[in-house]
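K.L.:
Chains as they are written, first to last, in the working numbering: chain A, 2 to 189; chain B, 2 to 189.
Encoded structure:
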């Protein structure tokens, strides 16, 4: 959060984290949010929990509702990114066509595949959701009763079953630096 | 629209135009959008037509749906204004309580009462909507079958039944300059 004043020569972009539930998207997104703020950048982080409070409370998890959810997020990410804000989005967003549409509509879209195998996320099952989904108690659960289309050609690929969240976040930061989207040092 | 790069020391704000259908909100908003862009500012304009395409396609005009509509717009305006973007919003937004909520959630909220009497907008009736509403063909039509709560204490008040749109826009610009929210000259 800022006071609404913009001082820096900052490029807007959309860092789009896609992956299975429990793959570590939000953990990595929060690490990146903190780091980018510490570097003096304007940052907004969007995820399912945040947008469902304000933007998409009416929606469920059918393919149609997922599309509408991402459509509204896309509108927000478009306005932020074209106005110089770093927009970190973490959404399962299981369909390639939908992710491609976000890319087409936003400025400097970067698709990040937050990749953990289905076995790995079932093994972890931090929220106990996979257990319930495997019992058939949660309809439209990505990876179990709904498809996950892995990115065909992601801009950044992190393996969260082999790396810690901090390692993954560090890798993504390096890529953003190399792309010239974030400064190497703290702005003042 | 910009290339996503932010160069200026710009204050974010939300210019919230409220008034009856046909009072001139969007005409004035478009004049202001052009002028602020010409001064080198980051600007986004939101109105019913724009957001209903991307954000609120599912909503009608009942009080409940109007609340949801403004709730989603508020989320967008909050993120833009706190990141240094001038956000020009034109919505009938007939309820004071809802406008007060937008004020509470956004940075540098300015309520602009775009004021034309009901007689004046019925007289103009550019889109022919009042004629239909008076026949009872449009439910929940503000001013006819639904209330319009005029702002109790607007930050800016323009009388579009006495002024041209350009005069009203000029008045608002002056107020924004006086408040220190926009520069007097073109930025480079």
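Cβ atoms here follow ideal geometry from the backbone N, Cα and C, with glycine treated the same way.
Can you tell me which residues form a DSSP beta bridge with residue 87(B)?
P.N.:
According to DSSP, residue 87(B) bridges with 14(B), 44(B).
K.L.:
Check whether the segment 160-180 of chain A and the segment 96-116 of chain A are in contact - that is, three or more C-beta pairs closer than 8 angstroms.
P.N.:
With the cut-off at 8 angstroms, the segment 160-180 of chain A and the segment 96-116 of chain A touch.
K.L.:
From the DSSP secondary-structure annotation, give me the bridge partner or partners of residue 110(A).
P.N.:
Its beta-bridge partners are 15(A).
K.L.:
Could you give the distance in angstroms between the alpha-carbon of residue 132(A) and the alpha-carbon of residue 126(A)?
P.N.:
Their Cα atoms are separated by approximately 7 angstroms.
K.L.:
Along the chain, where does the alpha helix (DSSP H) that runs through residue 58(A) open and close?
P.N.:
Premise fails: residue 58(A) is in no alpha helix (DSSP H) and is neither H nor E.
K.L.:
Please name the residues in the segment 62-73 of chain B whose beta-carbon is closer than 7 angstroms to at least one beta-carbon of chain A, in chain order.
P.N.:
Of all residues in the segment 62-73 of chain B, 72, 73 have a Cβ within less than 7 angstroms of some Cβ in chain A.
K.L.:
If you measure from the beta carbon of residue 81(A) to each beta carbon in chain B, is any gap under 8 angstroms?
P.N.:
Closer than 8 angstroms: yes.
K.L.:
Okay, do the segment 89-97 of chain B and the segment 141-161 of chain B touch, 3+ Cβ pairs below 8 angstroms being the bar?
P.N.:
Output reads yes: the segment 141-161 of chain B touches the segment 89-97 of chain B.
K.L.:
Identify whether residue 126(B) lies in helix, strand or coil by the three-state DSSP scheme.
P.N.:
Note: residue 126(B) maps to coil in three-state DSSP.
K.L.:
Which one of 62(B), 57(B), 61(B), 63(B) has the shortest CA to CA distance from residue 75(B)?
P.N.:
When only C-alpha atoms are compared, the closest one is 57(B).
K.L.:
Tell me which same chain residues have a C-beta within less than 6 angstroms of the C-beta of residue 26(A), skipping the five on either side of it?
P.N.:
Excluding residues within five positions, the ones whose Cβ falls inside 6 angstroms are 18, 20, 91, 115.
K.L.:
Between residue 108(B) and residue 14(B), which are expected to be in contact by the criterion C-beta below 8 angstroms, what is the C-beta distance as a whole number of angstroms?
P.N.:
Residue 108(B) to residue 14(B), Cβ: 7 angstroms. Contact.
K.L.:
In three-state terms, what does DSSP make of residue 157(B)?
P.N.:
Residue 157(B) falls in the strand class under three-state DSSP.
K.L.:
In this structure, what does DSSP give as the bridge partners for residue 115(A)?
P.N.:
The partner list for residue 115(A) (beta bridge, DSSP) reads 159(A).
K.L.:
Do the CB positions of residue 89(B) and residue 16(B) come within less than 8 angstroms of each other?
P.N.:
Their beta carbons are under 8 angstroms apart, which means residue 89(B) touches residue 16(B) by this criterion.
K.L.:
Counting only Cβ-Cβ distances shorter than 7 angstroms, please list the residues of the segment 82-110 of chain B near chain A, keeping chain order.
P.N.:
Result list: 82, 83, 84, 85, 86, 108, 109.
K.L.:
How many Å lie between residue 174(B) and residue 154(B) at the Cα?
P.N.:
Spanning the two alpha carbons is a distance of roughly 19 angstroms.
K.L.:
Check the Cβ-Cβ distances between residue 20(A) and every residue of chain B, and say whether any is below 8 angstroms.
P.N.:
No, residue 20(A) lies away from the interface with chain B (no Cβ there is under 8 angstroms from its Cβ).
K.L.:
Taking residue 78(A) as the reference, which of 135(A), 136(A), 45(A) has the closest Cα?
P.N.:
Of the candidates 135(A), 136(A), 45(A), the one whose C-alpha sits nearest the C-alpha of residue 78(A) is 45(A).
K.L.:
Rounded to whole angstroms, what is the Cα-Cα separation between residue 185(B) and residue 36(B)?
P.N.:
Taking the straight line from one Cα to the other gives about 11 angstroms.
K.L.:
Assuming residue 84(B) and residue 39(A) are in contact, meaning their beta carbons sit under 8 angstroms apart, how far apart are those beta carbons, in whole angstroms?
P.N.:
With 8 angstroms as the limit, residue 84(B) and residue 39(A) do not qualify as a contact, their Cβ atoms being about 17 angstroms apart.
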